[in-house]
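Novice: First the structure, which I've put down as structure tokens, then a few questions once you've had a look.
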Amino acid sequence: MTLSVRLRHQFGTFTLDAAFDAPAGVTALFGRSGSGKSTVINAVAGLLRPDQGRITLDGTVLMDTEARVMQPPHRRRMGYVFQDGRLFPHLTVRQNLLYGRWFAPKGPGADLARIADLLGIAALLDRRPGALSGGEKQRVAIGRAILSNPRLLLMDEPLAALDEARKAEILPYLERLRDDLRLPILYVSHSMAEVARLATTVVLMEAGRVLASGPAADLLSDARLAPMLGLREAGSLLSARVTGDDPDGLARLETAGGPLWLPSEGRAPGTALRLRILARDVMIATERPQGLSALNILAAQVDHIHPGDGPGAMLRLRIGEDVLLARITKRSLSALGLHPGQSVFAILKTVSIGQENVGGRG
Amino acid sequence: MTDLLTPEEWQAVALSLRVSFWATLLSLPLGLVVAYALARWEFWGKQLLNGLVHLPLILPPVVTGYLLLLTFGRRGVVGQFLDQWFGLVFAFRWTGAALAAAIMAFPLMVRAMRLAIEAVDPKLEQAAATLGASRLWVFATVTLPLILPGIIAGAILAFAKAMGEFGATITFVSNIPGQTQTLPSAIYAFLQVPGGEAQAFRLVLIAIAIAMAALLLSEWISRAVARRISGQ
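Heads up: the sequence lines are chains P and G, in that order.
Residue numbers 1 to 362, in our numbering, belong to the letters of the first sequence in order.
Residue numbers 1 to 232, in our numbering, belong to the letters of the second sequence in order.
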């Protein structure tokens, strides 16, 4: 599955000029509001006709302004999850979920019972959308899109209208979709936390242009992109595996840099996780520290040093196959005499890794 | 019923009901298309169409009736054509009364439907399209159910207007008992003869009863439909 997008579109003073390829998995279009993400996803869905461009999915041309091809939205088979849900108010939840089924080609597809179960909406089937909470509505909207048996799932800020608690409620379902259904997803978001948790590929957009695109782990830990991703939000993805629970409520995780402890949350041993570690939460020591309250001390190697414009610097560390970003001051950089290739210890406070930053492997 | 009313009176009531029923039913599809066009489409002459639809509301009914007579009368261009090719005659027939009633009621019907269509969120229709529904299916499964209260309201309003239509009808098809004498025409006729007040008054009561029944029915139907589509 490859979605290939080349677009040029002008409205008012805003110019969109974007090109990227989305391989299988979750491709996140990430950028600030007004960077053109929604325009791109609407063009892919066929809801917007761009001035110029070509969009193909697995070699099928969805749109090509030069060849004058413009498939209407209902022929594209894109499951679109809108920010505002858009459930049909006159239909029950079950009828909403099955709406796309009327038009989908006959054949094997996701079945209602399984999707309702996966999204935790089995008990809501006979209700009407007006009687659902925001989080429930959004899960029904996701189910409705999946059950239309789409070739690609489009999600435009599906969590943006929800509060933190509802987001935390839905994120695990999205992870399960990604891992269980193997349905390619184009995911628009301006939240780094969501992108870091879900994305396998990231397309970084700014002012109508694609600044960078590539595998999530590489792109998110690219020190040069950190200012664009937001310095306070900069961080990297670390893979870990649960090995067991300790009696004091902490779970022991194995990483390439040594053991790590997190609040247990009842995960089974063997569960693969990906942790998002914010660069500002990482401390560096040149020797294994003693008498320190922080539990997590990982052995790492300095890979690259990226001095920023201000007093800070971004350090890229290698931990086995993984990359860890650390943001420290230039003063510490020179005080410790850090240089590429050096072996160091990265220190993380257990409590600074919030639950929202712990996701399934993906 | 037959004890209450004389045969002439009963004839007038039945004719009015028949005229209003057909006037409403046959103008429904056209009304829906025009309302949809005015609500959703941009085209050349949109304001002209809007004005044309609303003209009967503003013109003196006698003018509308006279214009109908000129076009659909036996000597009228359209009237002659329809008579020759389809054997359809409007002048001095109940069909003419239905045509006059339909044209007079049309603006009310279109207005109610147009408001309902404008209240439908096009984003819902977009969502239906992404789920695989073609334009026609989107209309049938999303737009139509959502505007149903507006259609019903428009139809009942049109029916009530048709029941009460007088000026254009009497100008176009006259006041022939059993042919074109509708309820309002009959009341008018009774008031013209000495001692006809009692008969006229009975018809007035019937007119009030029918109007009230229509109003209550429309309230009841639109409330039931609104409950169904509100998503509660």
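Every residue gets a Cβ at the ideal spot worked out from N, C-alpha and C, and that includes glycine.
For Glu219/G, which beta-bridge partners are listed by DSSP?
Specialist: Here the question's residue 219/G lines up with position 219 in the second sequence. According to DSSP, Glu219/G bridges with nothing at all.
Novice: Can you list, in chain order, the residues of its chain with a C-beta nearer than 7 Å to that of Gly31/G? Leave out the 5 residues immediately preceding and following it.
Specialist: Your numbering for residue 31/G matches position 31 in the second sequence. Same-chain partners within the cutoff: Phe106, Met109, Val110, Met113 and Gly154.
Novice: By the three-class DSSP mapping on this structure, what secondary structure does Thr201/P have?
Specialist: Working through the first sequence from its first residue, we reach residue 201/P at position 201. Note: Thr201/P maps to strand in three-state DSSP.
Novice: Starting from the C-beta of Leu240/G, find all residues in its chain whose C-beta is less than 7 Å away, skip the five residues before and the five after it, and write them out in chain order.
Specialist: As displayed, chain G neither begins before 1 nor continues past 232, which places residue 240/G out of reach and without an answer.
Novice: Answer with buried or exposed for Gln47/G, where buried requires no fewer than 16 other C-beta atoms within 10 angstroms of its C-beta.
Specialist: Against the second sequence, residue 47/G aligns to sequence position 47. Exposed, because fewer than 16 other Cβ atoms sit within 10 Å of the Cβ of Gln47/G.
Novice: Express the C-alpha separation of Ile55/P and Arg8/P in angstroms, rounding to a whole number.
Specialist: In the first sequence, the residue the question calls residue 8/P occupies position 8. In the first sequence, the residue the question calls residue 55/P occupies position 55. Near 11 Å, if we compare the C-alpha coordinates of Ile55/P and Arg8/P.
Novice: Measuring straight from C-alpha to C-alpha, what distance separates Leu162/P and Ala193/P?
Specialist: Looking up residue 162/P in the first sequence gives position 162. Looking up residue 193/P in the first sequence gives position 193. Roughly 14 Å separates the two Cα atoms.
Novice: Below 8 Å on the Cβ atoms is my contact criterion, and I expect Ile328/P with Leu315/P to pass it. Report the Cβ-Cβ distance as a whole number of Å.
Specialist: Here residue 328/P refers to the residue found at position 328 of the first sequence. Here residue 315/P refers to the residue found at position 315 of the first sequence. So it is a contact: roughly 6 Å between Cβ atoms.
Novice: Can a CB atom of chain P be found closer than 8 Å to the CB of Ala133/G?
Specialist: Reading the second sequence from its first residue, position 133 is the one you call residue 133/G. Yes, contact with chain P.
Novice: Please report how far the alpha carbon of Leu57/G lies from the alpha carbon of Ala35/G, in whole angstroms.
Specialist: Translated into positions along the second sequence, residue 57/G becomes position 57. Translated into positions along the second sequence, residue 35/G becomes position 35. Rounded to the nearest angstrom, the two C-alpha atoms are 16 Å apart.
Novice: Closer than 6 Å by C-beta to Pro62/P: which residues in its own chain qualify, once you throw out the five before and the five after it? Chain order, please.
Specialist: Here residue 62/P refers to the residue found at position 62 when the first sequence is read from its first residue. Looking at the sequence itself, residue 62/P is Leu, so the reference to Pro does not match. Ile55, Gln71 and Arg76.
Novice: Residues of chain P with a CB under 8 Å from the CB of Lys265/G: which are they?
Specialist: Past the edges of chain G, shown from 1 to 232, lies residue 265/G, and the structure says nothing about it.
Novice: So Val142/G contacts chain P; which residues on that side make the cut at Cβ distance below 7 Å?
Specialist: Taking the first residue of the second sequence as position 1, residue 142/G is located at position 142. The contacting residues are Phe88.
Novice: From what residue to what residue does the beta strand (DSSP E) around Asp245/P run?
Specialist: For the purposes of this step, residue 245/P is identified with residue 245 of the first sequence, where counting begins at 1. Residues Gly235 to Asp245.
Novice: Apart from the five residues on each side of it in sequence, which residues of its chain come closer than 6 Å, Cβ to Cβ, to Tyr173/P?
Specialist: Stepping through the first sequence from its first residue, residue 173/P is reached at position 173. Closer than 6 Å at Cβ, skipping near neighbours: Leu119.
Novice: Can you give me the start and stop residues for the alpha helix (DSSP H) that Glu164/P sits inside?
Specialist: The residue given as residue 164/P occupies position 164 in the first sequence. Glu164/P -> alpha helix (DSSP H) spans Glu164 to Arg176.
Novice: Looking only at C-alpha atoms, which of Pro150/P, Leu124/P and Asn149/P sits nearest to Gln138/P?
Specialist: Walking along the first sequence from the start, residue 138/P turns up at place 138. Considering only alpha carbons, the answer is Leu124/P.
Novice: Compute the Euclidean distance between the alpha carbons of Leu237/P and Ala216/P, then round it to the nearest angstrom.
Specialist: As a working note, residue 237/P is residue 237 in the first sequence. As a working note, residue 216/P is residue 216 in the first sequence. The alpha-carbon atoms of Leu237/P and Ala216/P are separated by roughly 8 Å.
Novice: Counting only beta-carbon atoms, is Pro149/G nearer than 8 Å to chain P?
Specialist: Position 149 of the second sequence, counting from 1, holds the residue named residue 149/G. Closer than 8 Å: no.
Novice: Step through the CB atoms of chain P and report whether any lies within less than 8 Å of the CB of Leu146/G.
Specialist: Residue mapping note: residue 146/G aligns to position 146 of the second sequence, counting from 1. True, the Cβ-Cβ gap to chain P drops below 8 Å.
Novice: Does Gly359/P get closer than 8 Å to chain G when you measure Cβ to Cβ?
Specialist: For this step, residue 359/P is matched to residue 359 along the first sequence. So no, Gly359/P is outside the interface.
Novice: Going along the stretch 97-120 of chain P in order, which residues come within less than 8 Å of chain G, judged by CB to CB distance?
Specialist: Those would be Tyr99, Gly100, Trp102, Phe103 and Ala104, in chain order.
Novice: Among the candidates Val323/P, Met78/P and Ala22/P, whose CA atom is the shortest distance from the CA of Gly100/P?
Specialist: Working through the first sequence from its first residue, we reach residue 100/P at position 100. Closest by alpha carbon: Met78/P.
Novice: Can you tell me which of Leu250/P, Ala234/P and Leu336/P puts its alpha carbon nearest to the alpha carbon of Ile284/P?
Specialist: Translated into the one-based positions of the first sequence, residue 284/P becomes position 284. Selected option, being the one with the closest Cα: Leu336/P.
Novice: I want to verify the contact list: residues of chain G whose CB lies under 8 Å from the CB of Pro73/P, in sequence order.
Specialist: Counted from its first residue, the first sequence places residue 73/P at position 73. Residues of chain G passing the Cβ test: Gln126, Ala129 and Thr130.
Novice: Quick one: list the residues of chain P neighbouring Arg75/G, beta-carbon separation under 8 Å, in chain order.
Specialist: Walking along the second sequence from the start, residue 75/G turns up at place 75. Ordered by position in chain P, no residue passes the 8 Å Cβ test against Arg75/G, which lies about 50 Å from the chain.
Novice: Which whole-angstrom value describes the C-beta separation of Val282/P and Ser38/P, a residue pair presumed to lie in contact below a C-beta threshold of 8 Å?
Specialist: The count along the first sequence starts at 1 and reaches residue 282/P at position 282. The count along the first sequence starts at 1 and reaches residue 38/P at position 38. That pair is no contact at about 34 Å.
Novice: For Phe20/P, list the residues DSSP reports as bridge partners.
Specialist: Here residue 20/P corresponds to residue number 20 of the first sequence, with the count starting at 1. Paired residue(s): Val5/P.
Novice: Give a yes or no on whether the minimum CB-CB distance between Ser38/P and chain G is below 8 Å.
Specialist: Indexing the first sequence from 1 puts residue 38/P at position 38. Cβ-Cβ to chain G under 8 Å: no for Ser38/P.
Novice: Can you tell me the Cα-Cα spacing of Ala214/G and Asp117/P, whole angstroms?
Specialist: Here the question's residue 214/G lines up with position 214 in the second sequence. Here the question's residue 117/P lines up with position 117 in the first sequence. Going by the C-alpha atoms only, they are around 48 Å apart.
Novice: Give me, in chain order, the residues of the same chain whose beta-carbon lies closer than 8 Å to that of Arg331/P; leave out the 5 immediate sequence neighbours on both sides.
Specialist: Looking up residue 331/P in the first sequence gives position 331. Closer than 8 Å at the Cβ level, and outside the excluded window around Arg331/P, lie Pro311.
Novice: Tell me the rounded alpha-carbon separation between Gly354/P and Ser33/P.
Specialist: Walking along the first sequence from the start, residue 354/P turns up at place 354. Walking along the first sequence from the start, residue 33/P turns up at place 33. The alpha-carbon atoms of Gly354/P and Ser33/P are separated by roughly 25 Å.
Novice: With a CB to CB cut of under 7 Å and the five nearest residues on each side skipped, what residues in its chain are close to Ala98/G?
Specialist: Sequence index remark: in the second sequence, residue 98/G carries index 98 (1-based). Val19, Trp22 and Ala23, listed in sequence order.
Novice: Is there contact here, the stretch 118-133 of chain G with the stretch 77-97 of chain G, by at least three beta-carbon pairs under 8 Å?
Specialist: Verdict: no, contact absent.
Novice: May I ask which residues mark the beginning and end of the alpha helix (DSSP H) holding Phe172/G?
Specialist: Taking the second sequence and counting its residues from 1, one reaches residue 172/G at position 172. Start and end: Gly167 to Val173.
Novice: How about Leu47/P: is its C-beta nearer than 8 Å to some C-beta of chain G?
Specialist: By one-based count along the first sequence, residue 47/P stands at place 47. Closer than 8 Å: yes.
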